[in-house]
Every structure is written in C-alpha cells, then in structure tokens.
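Chains as they are written, first to last, in our numbering: chain A, 400 to 647; chain B, 400 to 647; chain C, 400 to 647; chain D, 400 to 647.
4 protein chains.
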Amino acid sequence: MPSHLALLSCLLVLLLSLDKFLLHYLKRWLSGGGGSIIPRIPTGAFRPRSHRPMAAAGRWSETAMLVIDMQKDFVDPAMGSPVLVAGGEAVVPAVAEAVAVARERGIFVVWVVREHDPSGRDVELFRRHLYSGGKGPTVKGLKGAELADGLFIKEGDYKLVKTRFSAFFATHLDSVLKTQGIKNLVVVGVQTPNCIRQTVYDAVELDYEKVIVLIDATAAARPDIHLAFNILSFLSWGCTKSYTQLKA
Amino acid sequence: MPSHLALLSCLLVLLLSLDKFLLHYLKRWLSGGGGSIIPRIPTGAFRPRSHRPMAAAGRWSETAMLVIDMQKDFVDPAMGSPVLVAGGEAVVPAVAEAVAVARERGIFVVWVVREHDPSGRDVELFRRHLYSGGKGPTVKGLKGAELADGLFIKEGDYKLVKTRFSAFFATHLDSVLKTQGIKNLVVVGVQTPNCIRQTVYDAVELDYEKVIVLIDATAAARPDIHLAFNILSFLSWGCTKSYTQLKA
Amino acid sequence: MPSHLALLSCLLVLLLSLDKFLLHYLKRWLSGGGGSIIPRIPTGAFRPRSHRPMAAAGRWSETAMLVIDMQKDFVDPAMGSPVLVAGGEAVVPAVAEAVAVARERGIFVVWVVREHDPSGRDVELFRRHLYSGGKGPTVKGLKGAELADGLFIKEGDYKLVKTRFSAFFATHLDSVLKTQGIKNLVVVGVQTPNCIRQTVYDAVELDYEKVIVLIDATAAARPDIHLAFNILSFLSWGCTKSYTQLKA
Amino acid sequence: MPSHLALLSCLLVLLLSLDKFLLHYLKRWLSGGGGSIIPRIPTGAFRPRSHRPMAAAGRWSETAMLVIDMQKDFVDPAMGSPVLVAGGEAVVPAVAEAVAVARERGIFVVWVVREHDPSGRDVELFRRHLYSGGKGPTVKGLKGAELADGLFIKEGDYKLVKTRFSAFFATHLDSVLKTQGIKNLVVVGVQTPNCIRQTVYDAVELDYEKVIVLIDATAAARPDIHLAFNILSFLSWGCTKSYTQLKA
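Now the structure itself:
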C-alpha cells in the first residue's frame, strides 16, 4: 500500500475557505519540504542528500506546473461567456501565486490554453453551436482567449494550445515534458471535473510519477462539484495518505 | 441548450435498486424507442421514417457497445484480487443482458479487457508492485484475466486489449470504430470513476456523437462513488435532459 | 486490383521539368475530371451524376489540401538556414497555384507549419543543437517561421502547428479533418522523403481513402531523392495505375 | 555535425550479399564495440568506463530490439499470401541470429506482429478486400499469423500486436519501452519501405536517441527497394557517418 501510494498521483485536500493558509503551506512545501514527493528515483539518477539550493534545483527540474484554461472566457464573468466556470475567478490570485512560487523554484511552467478557429471546426462537437459570425468561446485572437487579468506568460514559460479537455489530447505536451526529463506534475486552473481531471488521468496513463492537484488553485462551477472530484479519487485511489505525506 | 444536449454524451440515472425495471426499460429502448438518440444525422445519410426492422438495423449499425473490464480479477470476489471492484459482481447479470439485447439489435459489441505481461512492465507505474513471480492482476493467460462467469465473446464480437484506464489509450479502438461508421457508444462494465469515466471522456474528445453510460450495468467500489460520477456530469454537462429524452 | 487501387493512396508521377504542363493538367483535373478519385462513397452519401458545379462542390467538400512546411527557413535560400531544402524554392509558384485552384474548388486548405520554442525544447532531439540564444530554425515569431514570399493564409484556410515530421504527429489535424467529413487528401510542400512521406503514411494508417501527392508541388534536396520516394511507393504499393486513372 | 549524428537514428549499410560477414560484425558490435552508439547519456546516469560485463549490462538495458512482421504470411512463400514480401524468407536466419545475440546481451526483444480480425475490420482500408470467409492475411489464430519457422518468442521477450505499418501506431509500445528506460532501438524484419521505415520515423518523432536498422536483417520486395530506403535516409539525414562510427 505505501509503495503504491508512493507512485500514485495524489491530491491536496483542504477547506476551500482557507486559501491564505493553503498558499503559505504551498510555499513552504515548494521551498524545501518537497523531498518526499519524489520517492522513486531511477538507478543512477541524481540523488540529493541535503536541502542545499543545488539539491533543490536538481529536484524541481523534474517537475512541471500545468496552468489550465485560465482564460478570460472561462474565469472572467465580465466576458459573459457561455463557458464561464463560476468558481474560476476566485482562484486567479491563488493560481498567480502558485505560478510565482513555481518559477522561483525553477519548475517549468506550461500555460495550457484553448484557442479555437472562428468557425468552431476544431472544438468539441457538442460545443460547435456556440460558434458563429467569427465569434465563440476562446476564439484565437479575441479577448476571451487571453489570460485572465493578473496572469502573464514570462520568458522561459511555455504556451501550449489544446482543443479538447485534456492538455494531452492531440497535443505535443507529453513530448515536450518527457524529453526534458519531467516526471512530476503540479496542476492548477479550471475546471476540476473536466479539463483538470481529464489531464490528471491522462498523466497517470502516461506514467508521470506524481500528479499533484492544488485544491485551492483549481475550481469548478460549484464547491460541491469541485470536492466531488476529490472524493472520487480518494475512494478509488486511496490518495488521502498522500495528503498527509505532503503536509509532513 | 437542446442542441448541445443532442450532441452531448449522456447518462441514464435511476435508483440502483431498480435493476429489473431498468433492464426492461433498456430492452424497450433498444428495441425501438431509440430513434431520438441519434438526432444529428449527416446530410445524405440513411434516414428511417418508420420503425420497420430495416430502419432499426440501419440505425444500430452506427452504435457500438463497449463492455469494459468484466474480468474475474475485477468482479469475482473468489479471485481475491487486489484490484477487485466491490460493486462489480452485482452487475454481471445486467451486463450479460445488455450485451444480449445489443447483439439482437445488431449493435457491434467490443469486449475491452486488460491482459498484462507477467512482469507487469505494461501496467501503470502505480500498479507495478502488484506483479511478481509471474503473477498479478489480469496477467495474460491466467484465470483472473478471463471474463466473469456468464459472459462470453461470440462470433462477430470484438476483443480489444488495453493497458490503461481508457479503452482508447494507446489502442486501435478508435480506428476500428470510426472505419465502420460507428458514431454512438453505449458503455457498460467497471469501474465508474476510472475506466468507465476515462473512456467516456476520451470518446467525447474523439467526437463520438452520443456516449451513453448504462447506470445499472456499470459499478464502482461503493454506490456513492458510482453516483458521484453521475452527479459530476449532471452538474457540469447538464445531462439530465437526456434521461428524459431516452425514456420518451 | 482495381478495388485496392480504389482505396489506396496514390501518386502523380511526371517529369519534374514539365511543371507548366503539370499545373495545367492539375487545374483541369481539379475542375472536373476528379470524379474518379472518390470511388468508394459510403452508402447513402451524396452521389453526383453529372459535372454540374453543385455536384463538384459536394465532392470537393470531402477533400483537404495539406501545405507542408512552406516556410522561409525551409525554402528561401536567403535565410541561410541549416534546414533549407535545396529544391524547395523552385516549387513555391506551383504550390501557390495549387492552393489557388484548391480554394476555387472549395477544398479545405490547411497550412501545416513548424513553430518552435526559442529554446528548442519542442524540436526533435537530433535538431536541438541548432537552437541557442533565442534563435534557430522556424522559431515562433522570427522571420524564418513565416510563409515563403507569395504564399498567404486566407480566411477559411486553417493553420496547424506541428513539431515533428508528420502533420499528424501529436497534433489535432485528424480531429479537425475527420469531424468535417474529410476523406481525401492532396499533399504539397517540402520535403518529400521526410515530412511529406511521413504525413502520407500516417494518413494511410488513419484511413483516409485517397492521399494524393502532387509531384510537381513537392520537393526534396535533390531530384533523385524526390523521385526515389515515388519509386519506393510504386514498387511497394503499385500506385502507377492511379496516375493513369487520374489523367483519364 | 558530429553532435547531430550522435543523436540521430542511423543505418548500417553494407552489400546485401555479404550477410555472413555482416552478422559476424553485428555479433562483435553487440558484444562490446557498442559503446559508441550511446553518445548522449543523461546527467548522472551510469557511465561505464570499461568493457566489463557489468558495464555492458548497464548499457544494453537501455536498448530494445524490434522484430517486425516476421510472420508466415509475410515471409513464407509456401503460404501463398497476397502480402508476401519477396525478400523476406532470405533474412529469417539473420533475424534469428540477431535476436539470439540481443538476448545474450540482455537487450529487450519485442516481437511486433499483425493479428487481424477475420472480418478485416481492423486492417487498413486498402487491404480490407483481402478478407472474407473468415480468412485473410495474418488473421488471428490462423497459420499465416504465426512466426516464421525458426523464430520463437521466449520468456522475457514481449509480443506486441499492431494493426498498421508502424509498430507505434495505436499501440502501447512507446509506453512499454519508455517506462523501462529504453532509449535506443535496433530494428529488424520486413518490409523496409513500409513497416520498417514507418516504425523508424515514428521512433525518431518519439525521441528515441538511436534507431539502428540492421540492413542485412531487414528486407523488401526487391533489393533496389530495400536499398532505396537507405539512400533516401543517407541523403536527407546524412547517416553515412554512423555506419563508420558503428564499424569502428
């Protein structure tokens, strides 16, 4: 059991209302307590023995942060988009802070966004009716496809365009990550039951060793949907232990 | 809204305790009332005007049934497998009946199974510790990989081997289905939050027009997990209408 | 034999020096003589009985043209790029004319281009040494990634970014094409033995019914390499007949 | 140039008539002279300094041998199959010996085979006319799908079923290889311009560091087709140096 937990993708589960607290925790974890999340190091690979900066750098170079769908049409109510995720706006500051901490640690930051053709010909079938007259959710070049206010792609970050739920579906994300030696993922963004979850499951199928969802930097339409995702995973994968492990 | 419902993958949601009732309903639906589930017919395709047998045959030839992971190690408690799905055994009769009805209607039946190398080298990383000494869950050739008692692959059915949650991950399933003109899927088997759900989402990403999960022929470890999956989808995709639509 | 030819991807083979003649032929073919290239029409689909404009429109709506890698770094010697394809510049006019004819017929035009990160982290391993100091072949935003002079993306066309040889590798191209009902492909661009050939073979694996390479609108480093590709395919697939079929 | 060669997939090119000589060479290479083919070792990985057995073991554990389509229908003229590769039978002994040497070195051997449904529903469109009455090329369970006489799958080897040219198309091969740390591939089997070449190019796209085609353990319909493949790659990728490198 411990060994499968060690390999399994896991979740941080805390009350949604404790954002401030969680971010502090996240920062502490990212700045040094993260040794426990990379339990399986391939034979011969660099194995740090202390918490010196260099050791940390080696460790985080194997981790990427996926920031998913943090675009105006998804998180900014002012856009009036039909694909707005009600809980999205509230986590923008948390996402911004998570990204800042990640950059500081040398974690590779990937901005996963949707950018669709004005015709809607590259969107899911069930959403194509939303596109007409050159407009529709996250059409490339329109304001709705831009990142939410307060979020920016910086030099060294990577922008990846997807057209379906999963960041891995019909994209070269796995190629970019694996050839850099990325083994662990931290996922933030919207929305929990669809794009977040589908990306997480694909990552497990693609054998990333650790896939962490930051519960306070992800969101869904409603808190109960957001939490239901985690409940499911707890029960079926038994990830609750990993939470304790991370907190330790 | 109605149009996106028409294109959207949907769910039948009824009380789990009403199995008998549901199967009767399913049979009735499969035998004629299914016209409403294929609302979007490509220009020029065969469009039936009555419920004559030929019309039905034309319609069902575009539908496939995916029977997922109904193997002894997953559903037979006697195997003592670590991957047993607690709720699995109870739905074996429902799956058997659903398959029988499907065959009767000319629906293409695909048995999606796991068959792993004794070394475990083709299983998810987090499950590899379960393989040693030539044994492990659903090892090819061992009893645990066989279909549950009462389920059989018949001539005309198709067996597809997968190595991850989704029936579409790293398999030729999409190729087999699309080149036959399959546009709609009916999904049965175990278990709801992982293999079932991942297959359903992949199917939506791959633009199958209808993806129906038969709620009484699928199962999870516990009823609340099984239902949580549906609750999620209801809330985020708004599929409740499809239930009414199917019943009509 | 006729039946497998009918389903097989084929090639136009004419002397490279006869460009002018070939384009005239191509235009004639695209404007009406193309009926023979779509021999297998699914039951019930629109089946034109004459060469009226409407019939042609119906037919060409199932065909897409893939324009591959026609970017300055690949075809413009003035760029001095290490990835220059020697024979590329000479076919720019032919590609431009082929695209013009395609648009006129209502064929969906897809501009397949490479756009790489300045770090080279999304390029093939064997090419990564070409990237440093924010520069390298077809880096996104730099001049070398632009289309060759004389080529333009127009409204209604589609731009698809790839990171490997094949237009289908880790992209959503198949998704865009299949959901539009595209069954046949016409391929132009550079270079024959790598990106062109790999795209063609992937298309055959993905079950496009017809994959036509326009021999005078594709190029390689040298004429013998360009032709060797066709010789290979002739001998192993027996496509020479299709040439006659197309000319007829 | 040396650096891109070092990363590039390469080819052994010798006269086809020198089989005996080549195999001796191959054996010598596999038994110790192979140090030069793994020039790029990730930071921190095991780097052997001598030719002691242990060092060799470490090195070869990162290499897999793909044996492609060595089935009766492809290489045994007695089967009278329409998919027979004329040059296939002649390389069976070479393939057998290459596999033996590979096993001896601890190289992971993968037997890539086609096994199709009797209906032909999982074969390429252009080959489906070859299937009827429960028969057709390499139908699962029929004699034509068996390995050629003299070839056997042993314990520790892996059998992988594919349905298209490439061993990577819609299969879990990449997943099996990458999670074992495989970085280099040696390819044998039939036939050069289709399944061999397509597999090799896919492997390059998937960022395997070295992809070696053993020219005397691969074959096509005719020697000139077999060689044309290599000529193409020489000219476009400049692999000739690798031949020298390997021979050294």
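Cβ coordinates follow ideal geometry from the N, Cα and C atoms, glycine included.
| Item | Value |
| --- | --- |
| is_contact[residue 565 (chain B), chain A] using C-beta, thresh 9 Å | yes |
| Length of the line joining the Cα atoms of residue 544 (chain D) and residue 476 (chain D) | 14 Å |
| Same chain, Cβ closer than 7 Å to residue 425 (chain A), neighbours up to 5 away in sequence not counted | With a pLDDT of only 49 at residue 425 (chain A), under 50, the local geometry of the prediction cannot be trusted, and the value read off the model is given with reservation. Only 497, 500 and 613 meet the Cβ criterion. |
| Per DSSP, cross-strand counterpart(s) of residue 618 (chain D) | D:589 |
| Under 7 Å by beta carbon: chain A residues contacting residue 568 (chain B) | 604 |
| Outcome for residue 582 (chain A) when other beta-carbon atoms lying within 10 angstroms are tallied against a minimum of 16 | buried |
| Chain-ordered chain C contacts of residue 574 (chain B) [CB-CB under 9 Å] | 604, 605 and 606 |
| Residues that residue 578 (chain D) contacts on chain A, provided the C-beta gap is smaller than 8 Å | 606 |
| 9 Å Cβ cutoff met for residue 524 (chain D) and residue 606 (chain C) | yes |
| Exposed unless 16 or more other CB atoms sit within 10 angstroms - verdict on residue 574 (chain B) | buried |
| CB contact below 9 Å: residue 596 (chain D) versus chain B | no |
| Contact check, residue 558 (chain A) vs residue 572 (chain A), beta carbons under 9 Å | no |
| Min CB distance residue 601 (chain D) to chain C below 9 Å | yes |
| Closer than 9 Å to chain D by CB, residue 557 (chain B) | yes |
| For residue 496 (chain D), the three-state DSSP class (helix, strand or coil) | helix |
| Proximity to residue 492 (chain B) [Cα-Cα], best of B:479, B:514, B:595 and B:546 | B:546 |
| Cβ pair residue 463 (chain A), residue 597 (chain A) closer than 9 Å | no |
| Through-space distance from residue 586 (chain A) to residue 610 (chain A), alpha-carbon basis | 7 Å |
| Any C-beta of chain A under 9 Å from that of residue 520 (chain C) | yes |
| Short CB-CB distance (under 9 Å) between residue 583 (chain C) and chain D | no |
| Residues of the region 507-540 of chain B whose Cβ lies closer than 9 Å to any Cβ of chain A, in chain order | 523, 524, 525, 526, 527, 528 and 529 |
| Test: residue 613 (chain D) CB closer than 9 Å to a CB of chain A | no |
| Residue-chain proximity (residue 462 (chain D), chain G), Cβ-Cβ < 9 Å | The displayed structure is made up of protein chains A, B, C and D, and chain G is not among them. |
| Cβ of residue 560 (chain A) within 9 Å of any chain C Cβ | yes |
| Pairwise C-alpha distance: residue 483 (chain A) and residue 534 (chain A) | 15 Å |
| Between the CA atoms of residue 472 (chain A) and residue 556 (chain A) - distance to the nearest angstrom | 22 Å |
| Per-residue DSSP class, three states only, for residue 579 (chain C) | coil |
| Minimum C-alpha distance to residue 565 (chain A) - residue among A:589, A:518, A:553 and A:516 | A:589 |
| As assigned by DSSP and simplified to three states, the class of residue 572 (chain C) | helix |
| Rounded C-alpha distance that separates residue 584 (chain B) from residue 604 (chain C) | 23 Å |
| C-beta atoms of residue 345 (chain B) and residue 486 (chain B) nearer than 9 Å | The question about residue 345 (chain B) has no answer here: the residues shown for chain B are numbered 400 through 647. |
| Helix, strand or coil at residue 566 (chain B) according to DSSP, with G and I counted as helix | coil |
| Environment of residue 480 (chain D) [buried if 16+ CB atoms lie within 10 Å] | buried |
| Alpha carbon of residue 470 (chain C) to alpha carbon of residue 623 (chain C), nearest angstrom | 23 Å |
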